[in-house]
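Throughout the sequence shown, residue numbering follows numbering that gives the first Met the number 0, covering 0 to 382 in sequence. Virtual Cβ for every residue (Gly too), placed ideally from N, Cα, C.
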Amino acid sequence: MSLFNVYPLNPIAITKAAGSRVWDDKGQEYLDMYGGHAVISIGHTHPHWVSRIEDQLHEIAFYSNSVIMPIQEQLAMALNDISGKKDYQLFLCNSGAEANENALKLASFHTGRKKIIAFKKSFHGRTSLAVAATDNPGIIAPVNETQNIIFLPFNDIAALEACFIEQGAEIAAVIIEGIQGVAGIHEASDAFLQAIRKACNDFGALYIADSVQCGYGRSGQFFAHDHAGVNADIYSMAKGMGNGFPIGGILIAPHIQAKFGMLGTTFGGNPLACAAALAVIEVMQNENLLIAADQKGSFLINALKNIQGVKVVRGRGLMIGFEMEEGLEDVRKVLLNDLKIFTGEAKPNVIRLLPSLAITMDDINLFLTGLNKAIQLLKQKAT
Ligand SMILES: Cc1ncc(COP(=O)(O)O)c(C=O)c1O
């Protein structure tokens with residue numbers, strides 16, 4: 000049987016990982032500035048994470064959500080603590096798309112309305128409503144097409160207000176990434192997030208903060224949306240939450256009431272996933288990773304701005320995107336093939352850095368040296 004061929008693959012087989020390093024099947028070492036697409040929050044195979052999961056395996060790996068699971072309650076307490084969203088409620092699932100799907104569905108149940116505002120270039124996942132709210136017709140199957148999503152320009156307060164004035168009574172929710180990831184690292188402005196909060200309050204809609212990629216400390220705050228100083232009604236989380244163990248979830252404001260059967264899942268919140276997520280929070284707290292993301296990210300962003308050949312740098316904390324000057328577009332390939340450094344990409348020409356929040360300064364400097372070398376190599380090839 001062959002694998003369903005949906006991913007354009009790098010011809011590299013990664014078989015081992017530790018911290019910010021990965022190794023291929025031939026023993027070649029790579030520096031991981033990509034974090035497996037923003038998933039590796041505390042570092043690959045962190046010893047505390049490994050032993051937390053191992054210990055849990057010996058206790059219980061799975062039981063259905065029909066019984067009390069104390070470890071889910073522990074995770075809810077830990078999330079209250081680290082996120083500062085004190086009276087919020089937690090619903091657990093398995094991925095980012097599922098988190099957004101549940102968030103959107105919950106907003107519709109809560110308001111009794113159907114329309115969702117999403118933004119140009121957004122990415123919210125590949126399940127039916129999450130993909131419908133994603134601004135990429137290429138991944139929306141005919142069955143996912145719906146008239147219920149309104150796409151507005153990103154960071155355009157006037158367009159948002161006009162839409163609410165016209166259709167406010169029908170709008171269930173606004174969904175927005177605090178920093179658009181797949182689009183190439185574009186931050187929502189504080190003023191825009193504040194305007195969303197106000198419009199949702201005025202018209203009885205819910206503000207959904209898609210924090211799947213920009214959350215979990217990556218921006219230097221627990222949620223990138225926190226930089227704007229307003230609370231969302233629902234935060235969706237996934238990627239960094241389990242450091243690679245599949246888990247997602249939504250934090251739900253206290254004014255939204257649960258009803259039996261409203262949401263549900265077989266695997267969501269299983270004890271193994273909760274153990275992984277608890278390990279992540281414990282390491283984030285013990286190693287001060289939010290502060291580290293803020294400080295190391297600022298250093299990296301400033302350093303990138305001073306590299307000749309780098310055209311634009313965007314982002315916050317350790318969620319960074321940059322573009323190269325003309326003629327240097329292949330820098331990402333050179334970094335991977337010649338210098339053994341993984342980075343991410345966004346179309347058309349953005350390089351994304353999404354490393355572990357525990358990356359060392361030595362590794363950051365190694366990356367910067369590598370980038371300079373890659374630029375020199377490309378310039379030599381061109382002459
Ligand atoms: C902002 C955002 N939301 C949702 C998702 C979907 O997450 P998943 O792939 O876990 O379903 C992603 C994935 O890249 C994302 O970046």
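Secondary structure within the region 115-162: the alpha helix (DSSP H) runs of 4 or more consecutive residues, fully enclosed, are 127-131 (chain order). Residue burial annotation: G369 is buried, with at least 16 other C-beta atoms found within 10 angstroms of its C-beta.
Residue burial annotation: H57 is exposed, with fewer than 16 other C-beta atoms found within 10 angstroms of its C-beta. Residue side-chain check: G124 places its Cβ nearer than 7 angstroms to a non-hydrogen atom of ligand 1.
Of the residues assessed, S40 falls on the buried side of the cut-off, its CB having 16 or more other CB atoms within 10 angstroms. The residues R331, I350 and R351, in chain order, have a CB closer than 8 angstroms to that of E344 in the same chain once the five nearest residues on each side in sequence are set aside.
Taken from the Cβ of G308, every heavy atom of ligand 1 lies 7 angstroms or farther away. Going by DSSP, K304 is part of the alpha helix (DSSP H) stretching over L288 to K304. Ranked by Cα distance from S121, the first of C213, R196, S63 and E72 is C213. Restricting attention to L335, V311, I138 and F298, the CA atom closest to the CA of L317 is found in F298. Straight-line spacing of the CA atoms in H224 and A381 works out to 42 angstroms. The straight-line gap separating the alpha-carbon atoms of T126 and K310 is approximately 35 angstroms. Residues K119, K120, S121 and F150 of the same chain have their beta carbon placed closer than 6 angstroms to that of D134, with the five preceding and five following residues left out of the count.
For V282, the enclosing alpha helix (DSSP H) covers residues P270 to N285.
V5 has its CB no nearer than 7 angstroms to any heavy atom of ligand 1. Relative to ligand 1, the beta carbon of N99 is positioned inside 7 angstroms of a heavy atom.
Uninterrupted beta strand (DSSP E) stretches at least 3 residues long and entirely within the region 29-98 occur at 88-92, given in chain order. Collapsing the DSSP output to three states places A172 in a strand.
The three-state secondary structure of F266, taken from DSSP, is coil. Set against 7 angstroms, the gap from the CB of E176 to the closest heavy atom of ligand 1 is smaller. In the same chain as N79, and ignoring 5 residues on each side of it, the C-beta atoms closer than 6 angstroms to its own belong to K85, in chain order.
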